[in-house]
Amino acid sequence: MTLLKSTTTGLIAVFCLAAAGCTTTGGVPKNEIEARWSGQQAGAFFAKFGPPVSDAASGSSTLYTWRGGFNTRVVPATYEDLDGKRGKMLTRARTEYLRCEVQLTVSSEYIIRGVRTVVDRPGTNGGKSYCAEFLTAS
12 MTLLKSTTTG
22 LIAVFCLAAA
32 GCTTTGGVPK
42 NEIEARWSGQ
52 QAGAFFAKFG
62 PPVSDAASGS
72 STLYTWRGGF
82 NTRVVPATYE
92 DLDGKRGKML
102 TRARTEYLRC
112 EVQLTVSSEY
122 IIRGVRTVVD
132 RPGTNGGKSY
142 CAEFLTAS
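In my numbering, the protein residues as written are 12 to 149.
Written out as structure tokens, the structure is:
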């Protein structure tokens, strides 16, 4: 009986140690930014893009709010195409003021566990979001 009890206790200890060694980043990334930065050091993010504007404790994690990527782009006017000739104006030319704001969920070990986009604009030529373009560029 003692051998069975010690074997069972040993197996339980092994499974507990194995489970303790497992870490997750919260599952499947929800966006390109999270796919790029989840599991990375928050210090690397802030070193590359600048410091956060605020932080708040949330249990064992910290929520950092970061703003940046300030830029402007001129979007030209669009016109109707009439057999190779320019027709009436469809949209006026405009200047867009770009910025990105994200909220990073960072563990007590200073590892990024999640990224949520708060403020964003459409990307270049209708592509991915401006934040995704800015924060995932090499």
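For each residue, glycine too, the CB sits at the ideal point set by N, CA and C.
#### Entry: Per-residue DSSP class, three states only, for E144
As a working mapping, residue 144 is identified with position 133 in the sequence shown. Helix, per DSSP.
### Task
Would you mind listing the beta strand (DSSP E) stretches within the region 28-98 that are 3+ residues and don't spill past its ends, in chain order?
65-69, 72-86 and 89-93
### Query
Taking the continuous beta strand (DSSP E) assigned at R132, which residues delimit it?
Position 121 of the sequence shown holds residue 132. R132 -> no beta strand (DSSP E), and no H or E assigned at all.
### Task
Taking all protein chains shown into account, decide if A30 is buried (16 or more other Cβ within 10 angstroms of its Cβ) or exposed.
As a working note, residue 30 is residue 19 in the sequence shown. Here A30 scores only 40 on pLDDT, less than 50, and its place in the model is too uncertain to base an answer on.
### Query
Taking the continuous beta strand (DSSP E) assigned at E107, which residues delimit it?
Start at 1 with the first residue of the sequence shown, and residue 107 comes out as number 96. Counting along the chain, the beta strand (DSSP E) containing E107 begins and ends at R105 to V117.
### Query
Around the C-beta of P133, are 16 or more other C-beta atoms found within 10 angstroms, so that it is buried, or is it exposed?
Within the sequence shown, the letter at position 122 stands for residue 133. With fewer than 16 other Cβ atoms within 10 Å, it is exposed.
### Task
Output yes or no for whether 7 Å exceeds the beta carbon distance between R127 and Q114.
Walking along the sequence shown from the start, residue 127 turns up at place 116. Walking along the sequence shown from the start, residue 114 turns up at place 103. Cβ distance < 7 Å, so R127 and Q114 count as in contact.
### Task
Count the other CB atoms, across all protein chains shown, that sit within 10 Å of the CB of V130; report buried if there are 16 or more and exposed otherwise.
By one-based count along the sequence shown, residue 130 stands at place 119. Result: exposed.
### Message
Given a cut-off of 7 Å on the beta-carbon distance, is the pair F56 and G79 in contact?
### Response
For the purposes of this step, residue 56 is taken as residue 45 along the sequence shown, with counting starting at 1. For the purposes of this step, residue 79 is taken as residue 68 along the sequence shown, with counting starting at 1. For F56 and G79, no; Cβs fall outside 7 Å.
### Rounded straight-line distance, which links the Cα of R105 to that of T89
As a first step, residue 89 is located in the sequence shown; it is residue number 78 there, counting from the start. As a first step, residue 105 is located in the sequence shown; it is residue number 94 there, counting from the start. About 11 Å.
#### Entry: Between the CA atoms of M100 and M70 - distance to the nearest angstrom
Walking along the sequence shown from the start, residue 70 turns up at place 59. Walking along the sequence shown from the start, residue 100 turns up at place 89. In the sequence as displayed, the identity of residue 70 is Gly instead of Met. The straight-line gap from Cα to Cα measures roughly 54 Å.
#### Entry: Beta-ladder partner(s) of R127, from DSSP
The residue labelled residue 127 in the question sits at position 116 within the sequence shown. Note: R127 sits in a beta bridge opposite Q114.
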